[in-house]
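Peer 1: First the structure, which I've put down as structure tokens, then a few questions once you've had a look.
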Amino acid sequence: MAGERRGAAIDIAGLRKLYLSGPARLVALDHIDLRIAPSEFVCIVGPSGCGKSTLLRILAGLTAPSGGTIKVDAPNWAVENAMVFQESGLFPWMSVEANVGFGLMTRGVGAHEAAARVEAALKLVGLTRFRQHYPHQLSGGMRQRSAIARAFVTDPAMLLMDEPLAALDAQNRIILQAELLRIWEQTRKTVIYVTHSIEEALLLGDRTVVMTAQPGRIKQIIDVPFARPRDPMTLSASPEFGRLKLDIWRVLEDEVTRARHDEEK
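Residue numbers (my numbering): 1235 to 1499.
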């Protein structure tokens, strides 16, 4: 399924998010500046509680920012994006086919067009044979592939992914990383991908954004130099991959330590 809509360019400037609770004020995000090119795959890493998921929720239109601007070169981007979470979020009473097509139904897409788009999305993730299965009949990896199909079927301008593979075992994670790379190569959507794994960020992304401990700021943005297409197992075994992984950990380590100290206060 080749995406009908190209990936959107995104320009985030001075973005802030504050949470107020009585006299207390929590700064979740502080002056986030980030430009993302059309069809770019950007990964975000940072310690727990640094605002990674908050940033995605703001981009998804689920949370209002406290300041700053977001510009996306796509009409209705606040409602026509798609988000994939750590848990698949599939409706247990619906088949795979019905789950994938649910977003089209809520958008009022005609039955004939919806059926064609669902068919293409199922083919994209390799679940055509399992269209009538229910979530409880699927493995964890297959449930996440269903969730990815549900995201792509709406033809979003940008795809927001919040640790979508974190709950999978190591073997399924490797397989899904390769699948996600293949799907992105075919569709070229703009992807913002949150992960705790430096290795995953380097396997998937064009750039890795390293965030500080709370309040969440961008500490450094690292270009990922590895050519595409990528094979996760081959790439992760290379010396160049290991060196860059270590370099990013050295940038991130102080922030993880600081976040742990803040939690213990």
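Glycine included, C-beta positions come from ideal geometry on N, C-alpha and C.
Keep in mind that this is a model prediction, so the values were computed, not measured.
Among Y1368, R1416, D1457 and A1294, which one has its Cα closest to the Cα of L1358?
Peer 2: That would be R1416, whose Cα lies nearest to the Cα of L1358.
Peer 1: Starting from F1386, trace the alpha helix (DSSP H) both ways and give me its first and last residue.
Peer 2: First-last of the alpha helix (DSSP H) with F1386: G1374 to F1386.
Peer 1: Check each candidate in E1274, A1401 and R1441 and name the one with the smallest Cα separation from Q1320.
Peer 2: Here the closest residue by C-alpha is A1401.
Peer 1: Applying the 10 Å Cβ sphere with the 16-neighbour rule, what's the burial state of G1476?
Peer 2: The residue in question, G1476, is exposed, as its Cβ has fewer than 16 Cβ neighbours within 10 Å.
Peer 1: DSSP puts E1258 in a beta bridge; with which residues?
Peer 2: Checking the sequence, you will find Ala at residue 1258 rather than Glu. Paired residue(s): S1255.
Peer 1: Near E1419, what residues of its chain come up, given a Cβ to Cβ distance below 8 Å and the 5 sequence neighbours on each side ignored?
Peer 2: Only R1462 and P1463 meet the Cβ criterion.
Peer 1: Nearest-angstrom Cα distance between M1235 and L1356?
Peer 2: Only weak support is given to the placement of M1235: the predicted model assigns it a pLDDT of 48, under 50, and the question is left unresolved by the model.
Peer 1: N1310 and P1369 - do their beta-carbons sit closer together than 9 Å?
Peer 2: No, the Cβ-Cβ distance between P1369 and N1310 is not below 9 Å.
Peer 1: Are there 16 or more other CB atoms within 10 angstroms of the CB of S1322, so buried, or fewer, so exposed?
Peer 2: The residue is buried, with at least 16 neighbouring Cβ atoms inside 10 Å.
Peer 1: Give the list of continuous beta strand (DSSP E) stretches no shorter than 3 residues that lie fully inside the stretch 1306-1374.
Peer 2: Those beta strand (DSSP E) runs which fall completely within the stretch 1306-1374 and span 3+ residues are 1316-1318.
Peer 1: Just to confirm my understanding: we take G1237, look at its own chain, exclude 5 residues before and 5 after, and list those with CB closer than 7 Å. What are they?
Peer 2: In this prediction, G1237 scores a pLDDT of 45, lower than 50, which makes its location untrustworthy; the coordinate-derived value is nonetheless stated afterwards. The answer, listed in chain order, is D1389, T1421, R1422 and K1423.
Peer 1: Relative to the C-alpha of L1268, which candidate in G1335, I1426, R1377 and M1317 has its C-alpha closest?
Peer 2: Here the closest residue by C-alpha is I1426.
Peer 1: Output yes or no for whether 9 Å exceeds the beta carbon distance between I1270 and I1292.
Peer 2: No, the Cβ-Cβ distance between I1270 and I1292 is not below 9 Å.
Peer 1: Are the stretch 1297-1308 and the stretch 1325-1332 touching, with three or more C-beta to C-beta distances below 8 Å?
Peer 2: Output reads no: the stretch 1325-1332 does not touch the stretch 1297-1308.
Peer 1: By Cβ distance below 6 Å, which residues in the same chain neighbour H1560 in space, the five residues on each side in sequence not counted?
Peer 2: No answer is possible for residue 1560: the residues shown for the chain start at 1235 and end at 1499.
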